[in-house]
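A short write-up of the structure that comes next.
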Amino acid sequence: MDFPRSLTISIFLVLLLNADRIVSVAEGISIFSFIHDLIQYNVAGIPLIHEQTQWHFDPEDGKQRRIRYEKENGRHGEIAIAKIGMGVGIQEPLIRSA
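Going by mature numbering (1 follows the signal peptide of the UniProt record, and there is no 0), the letters in the sequence shown line up with residues -19 to -1, 1 to 79, in that order.
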């Protein structure tokens, strides 16, 4: 059996067996809300995505933080990796009970 035919048959069987739970066309509000939600969440995006935000951006602040990071952790973070490997900065022991 090819895919479109099997898909059509399976949809038909699902609709036939669940006929008592199907939303009727007379309920326009349900259909409208379904279409609205389908467009809102799949095409347009949720309203939270469209909110405008403003960030204070200072390039000089980034330069200063980079200098401080390189002093503390090395140019590529090699000192930070070594500290993690030695367990420096870990607050609790890493003992796992079985």
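Idealized CB from N, CA, C, for every residue including glycine.
Whole-number beta carbon distance between residue j and residue i, since they are thought to touch under 8 Å
i, j, result
"A61", "G68", "Not really, about 13 Å apart at Cβ, beyond 8 Å."
"Q21", "I27", "7 Å"
*Which ranges would you report for the alpha helix (DSSP H) in the region 7 to 59 if only whole runs of at least 4 residues count?*
9 to 20 and 40 to 54, all fully within the region 7 to 59.
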